[in-house]
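Peer 1: Below is the structure I would like to discuss, written out as structure tokens.
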Amino acid sequence: MTRTSPAAGANREHSGRARATLATAMVALTLGAATACGGGSGGTAGGTASFKPAAQGDGPITVWVDATRLAAAKLYQQQNPQVKMKIVTYDGDANGSNYLQTKVSLFNRTGSGWPDVVFSSQNNETTWAVQSKFAAPLNKGLIPQSTLDGWATGANAPCTVDGTVYCLRNDLSQTVLWYNAALMKQWGYQVPATWEQFQALGQKVATEHPGYIVGSAGDTFAPEIYMWAAKCGANQITGPKAVTVNTTSAQCTRMASLLDTLVKAKTMSTSSVFSTDFAKNDASKVLMLPGPSWFGGALFEGTFKTPKGRIAVAPMPQWAGDSSPSVGNVGGGTWLLSAHSKNLKAATAFLTWATTSDDYQGKLAPGYPAYSAAAKAWLTAQSTSGYYANDISPTLQAAANQVWPGWGYGQYSQESIWAATVTPRMTAGKSIVSLLPAWQTSIANYAKSDGYKVSQ
Amino acid sequence: MSISARNRAESERATRRTLWPGRAGHGFVALYVALLIAFGVVPTGYAIYFAFTNAGNTFAGFSNFTDAAADFRFLPAVGHVALYLVLWLLSLVVLVIGLALLLHRLASRRVSKALRFLFYIPGALAGAASVMVWLFVLDPTVSPVAFLLRALGLATFDQVVAPGGLPLLFTLIAFWTGAGGWILVMYGALNNISTDILEAARIDGAGAWQTARRIQIPMLRKWIVYMCILAFAGGTQLFVEPQLLSQASVGVAGRDYSPNQLSYDFAFQNNNVNTAASVSVELLLLGLVAAAVFVSRSGFFDVD
Numbered sequence: 054m055t056r057t058s059p060a061a062g063a064n065r066e067h068s069g070r071a072r073a074t075l076a077t078a079m080v081a082l083t084l085g086a087a088t089a090c091g092g093g094s095g096g097t098a099g100g101t102a103s104f105k106p107a108a109q110g111d112g113p114i115t116v117w118v119d120a121t122r123l124a125a126a127k128l129y130q131q132q133n134p135q136v137k138m139k140i141v142t143y144d145g146d147a148n149g150s151n152y153l154q155t156k157v158s159l160f161n162r163t164g165s166g167w168p169d170v171v172f173s174s175q176n177n178e179t180t181w182a183v184q185s186k187f188a189a190p191l192n193k194g195l196i197p198q199s200t201l202d203g204w205a206t207g208a209n210a211p212c213t214v215d216g217t218v219y220c221l222r223n224d225l226s227q228t229v230l231w232y233n234a235a236l237m238k239q240w241g242y243q244v245p246a247t248w249e250q251f252q253a254l255g256q257k258v259a260t261e262h263p264g265y266i267v268g269s270a271g272d273t274f275a276p277e278i279y280m281w282a283a284k285c286g287a288n289q290i291t292g293p294k295a296v297t298v299n300t301t302s303a304q305c306t307r308m309a310s311l312l313d314t315l316v317k318a319k320t321m322s323t324s325s326v327f328s329t330d331f332a333k334n335d336a337s338k339v340l341m342l343p344g345p346s347w348f349g350g351a352l353f354e355g356t357f358k359t360p361k362g363r364i365a366v367a368p369m370p371q372w373a374g375d376s377s378p379s380v381g382n383v384g385g386g387t388w389l390l391s392a393h394s395k396n397l398k399a400a401t402a403f404l405t406w407a408t409t410s411d412d413y414q415g416k417l418a419p420g421y422p423a424y425s426a427a428a429k430a431w432l433t434a435q436s437t438s439g440y441y442a443n444d445i446s447p448t449l450q451a452a453a454n455q456v457w458p459g460w461g462y463g464q465y466s467q468e469s470i471w472a473a474t475v476t477p478r479m480t481a482g483k484s485i486v487s488l489l490p491a492w493q494t495s496i497a498n499y500a501k502s503d504g505y506k507v508s509q
Numbered sequence: 580m581s582i583s584a585r586n587r588a589e590s591e592r593a594t595r596r597t598l599w600p601g602r603a604g605h606g607f608v609a610l611y612v613a614l615l616i617a618f619g620v621v622p623t624g625y626a627i628y629f630a631f632t633n634a635g636n637t638f639a640g641f642s643n644f645t646d647a648a649a650d651f652r653f654l655p656a657v658g659h660v661a662l663y664l665v666l667w668l669l670s671l672v673v674l675v676i677g678l679a680l681l682l683h684r685l686a687s688r689r690v691s692k693a694l695r696f697l698f699y700i701p702g703a704l705a706g707a708a709s710v711m712v713w714l715f716v717l718d719p720t721v722s723p724v725a726f727l728l729r730a731l732g733l734a735t736f737d738q739v740v741a742p743g744g745l746p747l748l749f750t751l752i753a754f755w756t757g758a759g760g761w762i763l764v765m766y767g768a769l770n771n772i773s774t775d776i777l778e779a780a781r782i783d784g785a786g787a788w789q790t791a792r793r794i795q796i797p798m799l800r801k802w803i804v805y806m807c808i809l810a811f812a813g814g815t816q817l818f819v820e821p822q823l824l825s826q827a828s829v830g831v832a833g834r835d836y837s838p839n840q841l842s843y844d845f846a847f848q849n850n851n852v853n854t855a856a857s858v859s860v861e862l863l864l865l866g867l868v869a870a871a872v873f874v875s876r877s878g879f880f881d882v883d
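Respectively, the protein sequence lines represent chains A and B. So that you can map any letter, position 10 of the first sequence is 63 in this note's numbering, and since no number is skipped, the others follow by simple counting. So that you can map any letter, position 66 of the second sequence is 645 in this note's numbering, and since no number is skipped, the others follow by simple counting.
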């Protein structure tokens, strides 16, 4: 046995060292977890301290746009080849993705990397961008007041904090009733003026032309089309950090039960209008579709490729006997200027051009421009294009002034709350009316986690 | 050079080699240690520092931990991941060992080779890319296996990603992406079992099942434990699958699903890095404790 003992000893020693090494490796492996999550300090210090621009130069400007606004950046570059621009596309924060906020908080930590000008499809960016000192004040010398006065009344309200304008509204997204005029005429239907008529027509279509739809409630922005227009007080921002949430009022339940009735009748789609499912099953069977002004260009003309001369626009239905018409609003997009820009001159010039120029806003933009002069040019372009079956100008102009002001812009995304709380249970067959209390709880929870004082 | 000189040089080299036998090994490890310190130890220290301080960089005790635990998303996230872990670890252990044993028994070398290659392919895709593949597979309108989804009564993507089925979906994705590599590791370990032992078992009358149960699986124990430790740590840190699913379903499914996502949301949506760090420190502790339990209970470092 003497021969084996040294070997055993060596083995023991070896195993001892191996144990230490493996234990270290084990720690190392599990360490991986925490590393992803360091970084970023609390930028909770609020306030809008005076704006001190970075040292200015003549360097290139970085512009972040979504796929739709890429056309604006490219056209500007083409018209102004001397401007050095770096164009980056991102998701535009669509559906409340928070990409911009995530990146800016990382840039704030590293002290560099901020884009000079950003387009966001969300209207609530100022709720964090001002606090984290990313958004530059625009009406304190950067953009003349005379230019700012050219925006539609209240259009820049979501951009304004304590009288300072921190972003510029890209387009208005007032909701209207889009419909297929050719089909309505062929089937002898009247365009509904009230929600009651809308519901009755939806039920009629279910029996007379099954498969056709009168709306879609499957999008994250469904509450902004229907609940907002119905004056449902789900999102009454009453102060910088205060919100009143009441989703079980008569206004809310009335609209929710209308949606339930039509979902049950299968004339209200529960798929997102941008989903592959909708494109395949519903896009060619749209009789009516309540939705924002950009549905016309972006959805019918761009995505569905609905032929010319079919789609028309009517005012959003109202409840019978309601004397103050109200419509909802879906996004509308904002442009922000970075307070860290090292070439404010070039950045401001691009920002002004992108939001006001006829070349882009008037002729190319898919949605109703927020800048009034561009909106006029846009409406003229729309009516001369001959795409629509009726003149969309008066309806869109009227709706622009009817957006219900009781729905505010909080730091949390109403769209993603609806998507996570209501949509999956609606898909599972629950009625929206039965989900209203859960919706309220969810809004209150997210608002509180962002530090809001919630009244219910 | 004379023979004696050459001999002397060689013997000097040999002496040097015996003085420090693991030179090359230390070189390799040093590189790893440098990376480990830069991307493992230092960030961990940073996270621990954040977890015990507040936004003003003053000591905050356990307040970040209690804040995280009190958040309305915390307990549901822990519940989701617990359920997912049960499914994922069970399926991993049972199926990986089963498939490795079957692969090992295959008589045909060509089939065995082809299968090993097949098992390994999904693992060659990077994590996020393979989740993207699944997003297409799971959408009935574009999926190549749409008929299967329809047979299950699932007609739209939103139905496929219904909240109740998510642990199963994530298990499927994780298994598909991660199990292939482990099957090969187990297969390699099985090949290491001496044929003498298997031969002896066969002579003693052990069938395939008995050989697997009494000889092969006990001898694979350490590899199984090793797999469990890594799979457990990876599972508690679930992030890419729910995060991408959340983006693909525009927030309908997978938002705030796991503690790791919650940590991310604390940091970037609620602008509260300190609470985010406390969640990540908890995940680290959980992984370490689980590893310690597995190691101490299994005799991982015992010598056979």
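Glycine residues also receive a C-beta, built at the ideal position from the N, C-alpha and C atoms.
Kindly list, in the order they appear in chain A, the residues whose Cβ is closer than 9 angstroms to that of B/Gly830.
Peer 2: Those are Asn148, Gly149, Ser150, Thr273, Ser466, Glu468, Ser469, Ile470, Trp471, Ala472, Ala473, Thr476, listed as they occur along chain A.
Peer 1: So, is the C-beta of A/Asn498 closer than 8 angstroms to a C-beta in chain B?
Peer 2: Yes, contact with chain B.
Peer 1: Please report how far the alpha carbon of A/Gly241 lies from the alpha carbon of A/Ala442, in whole angstroms.
Peer 2: Roughly 16 angstroms separates the two Cα atoms.
Peer 1: What residue does the beta strand (DSSP E) around B/Ser773 start on, and which one ends it?
Peer 2: Note, B/Ser773: premise wrong, no beta strand (DSSP E); not H, not E.
Peer 1: With the cut-off set at 8 angstroms, would you say A/Cys220 and A/Thr115 are in Cβ contact?
Peer 2: No, these two residues do not count as a Cβ contact at 8 angstroms.
Peer 1: Rounded to whole angstroms, what's the CA-CA distance from A/Gln464 to B/Gln840? Just pull it up for me.
Peer 2: Cα-Cα distance, rounded: 19 angstroms.
Peer 1: Apply the 10 Å Cβ neighbour rule to A/Ala61 and answer buried if 16 or more other Cβ atoms are within range, or exposed otherwise.
Peer 2: A caution first: A/Ala61 carries a pLDDT of 37, below 50, which makes its placement in the model unreliable, though a value can still be read off. A/Ala61 comes out exposed.
Peer 1: Once the 5 residues before and after B/Val675 are set aside, which same chain residues still bring their CB inside 8 angstroms of it?
Peer 2: For B/Val675, where only same-chain residues beyond five positions count, the Cβ hits under 8 angstroms are Ala758, Trp761, Ile762, Met765, Met806.
Peer 1: Helix, strand or coil: how does DSSP classify B/Tyr766 here?
Peer 2: Three-state result, B/Tyr766: helix.
Peer 1: Under 8 angstroms between the Cβ atoms of A/Arg473 and B/Val831?
Peer 2: Here residue 473 of chain A is Ala; the residue named in the question, Arg, does not match the sequence. Yes, Cβ-Cβ distance for A/Ala473 and B/Val831 is below 8 angstroms.
Peer 1: Say whether chain B places a C-beta atom closer than 8 angstroms to the C-beta of A/Asp375.
Peer 2: A/Asp375 does not count as touching chain B.
Peer 1: Note down, in chain order, every chain B residue with its Cβ under 7 angstroms from the Cβ of A/Ser158.
Peer 2: Within chain B, the residues near A/Ser158 are Phe847, Asn850.
Peer 1: Residues bridged to A/Leu221 by DSSP?
Peer 2: Answer by DSSP bridge pairing, in chain order: A/Trp388.
Peer 1: Between the beta-carbon of A/Thr401 and the beta-carbon of A/Leu390, is there less than 8 angstroms?
Peer 2: Their beta carbons are under 8 angstroms apart, which means A/Thr401 touches A/Leu390 by this criterion.
Peer 1: Nearest-angstrom Cα distance between A/Asp335 and A/Phe327?
Peer 2: Their backbone Cα atoms lie some 11 angstroms apart in a straight line.
Peer 1: At least one CB of chain B closer than 8 angstroms to the CB of A/Gln509: is that the case?
Peer 2: No - not a single Cβ of chain B is within 8 angstroms of the one on A/Gln509.
Peer 1: Which same chain residues, not among the five before or five after A/Pro276, have their C-beta less than 7 angstroms away from its C-beta?
Peer 2: Contacts found: Ala287, Gln467, Trp471.
Peer 1: Run through DSSP, which three-state label would A/Ser436 get?
Peer 2: Correct three-state label for A/Ser436: helix.
Peer 1: Rounded to the nearest angstrom, what separates A/Ala373 and A/Gln250 at their Cα positions?
Peer 2: Approximately 9 angstroms, taken between the alpha carbons.
Peer 1: DSSP beta-bridge partners for A/Trp231?
Peer 2: A/Leu342, A/Val366.
Peer 1: Just verifying my parser: in three-state terms, what is the DSSP assignment at A/Trp204?
Peer 2: Here A/Trp204 sits in strand by DSSP.
Peer 1: Does B/Met806 come out as helix, strand or coil in the three-state DSSP assignment?
Peer 2: DSSP places B/Met806 in helix when its eight states are reduced to three.
Peer 1: Below 8 angstroms on C-beta distance, what does B/Gln840 contact in chain A?
Peer 2: Near B/Gln840 there are no residues of chain A at all, since even the closest Cβ is about 11 angstroms away, more than 8 angstroms.
Peer 1: Just checking: is the beta-carbon of A/Asp119 within a distance shorter than 8 angstroms of some beta-carbon in chain B?
Peer 2: No, no contact with chain B.
Peer 1: Verify the CB distance criterion: does A/Ser502 have a CB-CB separation below 8 angstroms to chain B?
Peer 2: For A/Ser502, the answer is yes, since a Cβ of chain B falls inside 8 angstroms of its Cβ.
Peer 1: Quick one, which of B/Arg792, B/Pro838, B/Ser825, B/Val829 has its alpha-carbon nearest B/Gly887's?
Peer 2: Missing from the structure shown is residue 887 of chain B; chain B here goes from 580 to 883 and no further.
Peer 1: Which runs of the alpha helix (DSSP H) at least 4 residues long sit entirely within the stretch 222 to 296 of chain A? Give them in chain order.
Peer 2: Entirely contained in the stretch 222 to 296 of chain A, the alpha helix (DSSP H) runs reaching 4 residues are, in chain order, 234 to 240, 248 to 261, 275 to 278.
Peer 1: Assuming A/Phe172 contacts A/Val118 under a Cβ cut-off of 8 angstroms, what Cβ separation, rounded to an integer in Å, is found between them?
Peer 2: With a Cβ gap of about 5 angstroms, A/Phe172 and A/Val118 count as contacting.
Peer 1: Would you kindly check if the distance between the Cβ of A/Leu311 and the Cβ of A/Gln252 is under 8 angstroms?
Peer 2: Cβ distance < 8 angstroms, so A/Gln252 and A/Leu311 count as in contact.
Peer 1: Kindly indicate the opening and closing residues of the beta strand (DSSP E) around A/Ile140.
Peer 2: Taken as a continuous stretch (DSSP letters only), the beta strand (DSSP E) holding A/Ile140 covers 138 to 142.
Peer 1: Looking at A/Ser185: is its Cβ nearer than 8 angstroms to the Cβ of A/Ser150?
Peer 2: Contact: no.
Peer 1: Report buried or exposed for B/Asn851, applying the criterion of at least 16 other Cβ atoms within 10 angstroms of its Cβ.
Peer 2: When all chains shown are included, B/Asn851 counts as buried.
Peer 1: In whole angstroms, what is the alpha-carbon distance linking A/Val267 and A/Tyr232?
Peer 2: In a straight line, the C-alpha of A/Val267 is about 8 angstroms away from that of A/Tyr232.
Peer 1: Does any residue of chain B bring its CB to less than 8 angstroms from the CB of A/Ser337?
Peer 2: So, not an interface residue.
Peer 1: Under 8 angstroms: do the stretch 415 to 427 of chain A and the stretch 344 to 357 of chain A share three or more Cβ pairs, one atom per stretch?
Peer 2: The stretch 415 to 427 of chain A is in contact with the stretch 344 to 357 of chain A.
Peer 1: Hey, B/Arg684 and B/Ala785: beta-carbon distance below 8 angstroms or not?
Peer 2: It is not a contact, given that the beta carbons lie outside the stated cut-off.
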